[in-house]
Amino acid sequence: MTPPENAIFSMKRRTRRRTGGWGWLGWGVCGLLVVGALTLGGGYMWLRSSLPMRAGTLQLSAIAAPVDIVRDRHGVPHIRARNDADAYFALGFVHAQDRLFQMELMRRLGAGRLSEIAGSATVDIDRRMRLFGLYRLAEAAFDHLSPRPRAALEAYAAGVNAHLAAHSGILAPEFAAFGLEPEPWRPADSLVWGRIMGMRLSGNPRTELLRAGLSARLSRQQIDALWPGPTGAAPPTLDNAAAGAGETRSAGRRRDRGGTAPRHGWNQALSDALLRAWPAPLRPVTASNSWVVSGRHTETGRPILVNDPHLRFSAPILWYLARIETPELTVTGATVPGVPFTILGHNGTIAWAFTTADSDTQDLFVEELDPADPDRYLTLDGARPFGVRTERIEVRGGPPVDMTIRETRHGPVVSDLDAEARQLVGDTQVVALAATALRPADRTAEAIWMFNRAASWEAFLEAARHFHAPHQNITYADIHGNIGFIAPGRVPIRRSGDGSSPSAGLTGTEDWIGDIPFNALPRIFNPASGRIVNANHPTVGRDYPYHLGFGGAPPYRALRIHEMIDEGRAATPDKAAAMLLDDLSLAARELVPLMTHIPAREELAARALALLRGWNGRMDADRPEPLLFSAWLRTFNRLVYADETGPLFARVWGMRPVFIANVLRNGGEWCDDIGTERRESCAERLSSALDQTLRELVEAHGDDIERWRWGAEHYAHFRHPMLGRIPVLKHVGDIRFPSSGGAFTVNRGQYLGSDRSAPFANVHGPGFRAVYDLSRLDDSLFVIATGQSGNPLSGHYRDLAPLWAEGRYIRIGGLAAASDDSDAKLLRLTPEPGQTDKAL
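Okay, so the sequence shown: first residue is -13 according to the numbering used here, each after it adds one.
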């Protein structure tokens, strides 16, 4: 039975409230100091009570038959149940045992309820999440699922709640610090994660806003130069003959880059205000690698499939490894705490992998208000009333915050989120967001439930029909030797334009008029080349009949993967695993010759140039060249376009290797000083950038260039969401170590160059790595970046981090193999007397 639509907002609050206005950090510090005092005074055993029961027998009322949970030496649970319902119950139980606070933060983020525990510091995040209404959409999505996935979500929720009821100690140190008792878990709590990811992995409005804001200062050609698209020699993942079944429509195919500019004086200030208003947890930094080779490239004659999805780092990491065995289902791989289905993995017959398609599935629309009635907006069919709802945000230590949310036919009004944005659009306009991830009838969860059970390419395709958002690239392999690729998801067709800048809402000329038909989405099966590669670069060529967007990664990772396959380095699982650690930067190989042709102005610059000219392009943590190259490129970016982009520079600033290569080859006008008569060549600007970079690096690392190390500034940083905010306790929850790789290597370690305090910290990358051996799937290789537990007191909080850092893996075989491990722990869940057997 589905709960009322807004049950989470009317549910009895069990958060303990206190007076005062300390907010998130204040109460966290206070709570953790209390915890620390208790520890020093003998409270350590009390804190240890937060660790879960891993061995023994528990009698529970919500299961029908005994369930065995064997945790191996790495804390990975192997669940064996007699029916699917009990298996999902057990997964919910172990997720709650190991990651309950992570699950709590996830559902509160999606529901816009962080401020109930964090105080005023998170009110702005809650307001933004309430505007999108992700939790309401998650509740609505439950009703659109088929009975068996719904039953799975309910069984999983029952397992989470069984842990809440059965655990005799404190639930986790964070719950104790906040004085928080979690509410019962509900199916919508699981579904909201998919809504968060649907928005997080579809970040087109940020580029739309930047392009619109820059249009007041730059020409269309200059704006396009800053976003050159993923040009280069990397072949698309598919040839166009294989991209769907060839269904076409006449609308929505214009590739003129730009759409219709918004009317009535869109400016930089409005773009900046809306960018500032965008929820930080939904700001995208997306990437991933995936490739599959057929038996013609492997020693066993069976495919090998590789995947390492890239997301923001955190401690614990998003992913949780698990294996489930029932009479109907055997599935192994990466789950997400809070979600019952295996997101990435294999089921003994097939394996599948994701990368982000980076398609344009969000658009901004400038709506005109009715001059006679500000509660209505104009359409070609006359004025329409806004859809209006009110929300109340409870704030710990402060008064509640009430907000009114307006929606147009295109979507929620995002300009209401920021006071400056409201002032800038004035009393004549609003800005609304259309997004495929904000549609209520989303069945993506059902698609993943079906992936877990698919035993053929045909069954996998049928499951993919239900995949709505985000738009993803999915690579496939099976034990019969087949390989395939499908890019499922809802991608809009526009009446005209391409969605690259905000559109006029009144005219409807750029409205969405449908989605790309499923049979026309990019797809291929058993290509003649015996390989399918995607590293977020385009899946199709320019003559594909539909517009997917202008996003996509530069070609460097994809090209490097193709190179390594050509060299025979994908022939075994171990060799394929080593490919994921490859740190050769093709971006550096392209740019260094273009950058180092300049003469040195001083002796230190001469040493630096000589070092780079002899560099092999590997982003090795123990070498100085990657640091020198990255810092120089970052500074040169600033000198090239800071004056052109003006107030929006900080939001545009990045490494932009394709743009910089174009500038150094033929774009000398970018090296002029805007607003002055001074003309400077790009060579002179390169020299200035090098001198500035060397001064900064000498100040930070000394004047012996050979002793500089990339890993000193490019360190993988996994931050605990609460302990990481408190300087004294950072070392307890944070995980940090030097890392090789960079933003454009297969071993990707993304940094935020615009971050002045830590511009090269590795904050985004492969939190999960997997190599699937289709000749023997139980020998597939897995690793996550931190550990299985989210409790810093657990031995499994960070034990997988060294393996991840060194490129080592674990195997997750059957329950019998796990039981043979001398360090394995067996927890048996048994039904209470009178329970009858059931099946899902």
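Note that CB positions come from ideal geometry on N, CA and C, so glycine has one too.
Can you tell me which residues form a DSSP beta bridge with residue i?
i    : result
I111 : Answer is none; I111 lacks a bridge partner.
D349 : A420
E393 : G373 and P398
T461 : A339 and F471
A163 : Answer is none; A163 lacks a bridge partner.
I510 : F471
F437 : According to DSSP, F437 bridges with nothing at all.
Q207 : Answer is none; Q207 lacks a bridge partner.
I479 : G500
R378 : D388
A273 : H296
G751 : L297
H454 : Its beta-bridge partners do not exist; DSSP assigns none.
K811 : R57
S356 : Residue 356 is actually Asp in this sequence, not Ser. BP columns for D356 point to D359.
P817 : L46
G728 : R734
G368 : T365
A490 : V352
L291 : V278 and Y758
Q415 : E354
I798 : Answer by DSSP bridge pairing: none, since I798 is not bridged.
Give me the residue from the options with the minimum Cα distance to residue i.
i    : options                   : result
I510 : F635, M31, W443 and S673  : W443
S486 : W305, W696 and L200       : L200
P752 : F340, T816 and V416       : F340
R59  : E818, L813, S808 and L100 : S808
M39  : I518, A514, A51 and V56   : V56
G500 : I472, V416, T347 and I111 : T347
P724 : T312, R609 and V399       : R609
S345 : G180, T422 and F299       : T422
P371 : V381, R604, E393 and V387 : E393
T316 : R587, N777, N69 and L33   : N69
For the beta strand (DSSP E) containing residue i, list its first residue and its last residue.
i    : result
R517 : R517 to N520
A756 : F754 to D759
V769 : L767 to I770
Y869 : Absent from the model: residue 869. The displayed extent of the chain is -13 to 826, so no value can be given.
R66  : P63 to R66
F723 : I721 to P724
G331 : L330 to H332
V317 : T316 to T321
In or out: residue i buried (at least 16 other Cβ within 10 Å) or exposed?
i    : result
M581 : buried
Q88  : buried
N512 : exposed
M183 : buried
A41  : exposed
L448 : Reading off the sequence, residue 448 comes out as Glu, not Leu. Exposed.
T376 : exposed
M31  : exposed
E699 : buried
Q207 : exposed
E818 : exposed
S36  : buried
T731 : buried
A827 : Any property of residue 827 remains undetermined from this structure, which presents the chain solely from -13 to 826.
V374 : exposed
G505 : What sits at residue 505 in the sequence shown is Asn, not Gly. Classification for N505: exposed.
L204 : buried
Give the range of the alpha helix (DSSP H) segment to which residue i is assigned.
i    : result
I547 : Y542 to D552
L625 : E611 to T631
M92  : D70 to A97
M828 : No answer is possible for residue 828: it lies beyond the span of the chain, which begins at -13 and ends at 826.
L139 : P133 to A152
D835 : No answer is possible for residue 835: it lies beyond the span of the chain, which begins at -13 and ends at 826.
I646 : P643 to N652
G199 : N190 to L200
Strictly under 7 Å for the Cβ-Cβ distance: is residue i near chain C by that measure?
i    : result
L291 : The structure shown contains no chain C; it is built from a single protein chain.
Checklist entry - Residue ranges of each alpha helix (DSSP H) run of no fewer than 4 residues wholly in the stretch 673 to 718, ordered along the chain? => result Whole alpha helix (DSSP H) segments, 4+ residues: 696 to 699.
Checklist entry - For the stretch 564 to 603, which segments carrying the alpha helix (DSSP H) assignment without a break, of at least 4 residues, lie completely within its bounds, in sequence order? => result Whole alpha helix (DSSP H) segments, 4+ residues: 572 to 581 and 589 to 599.
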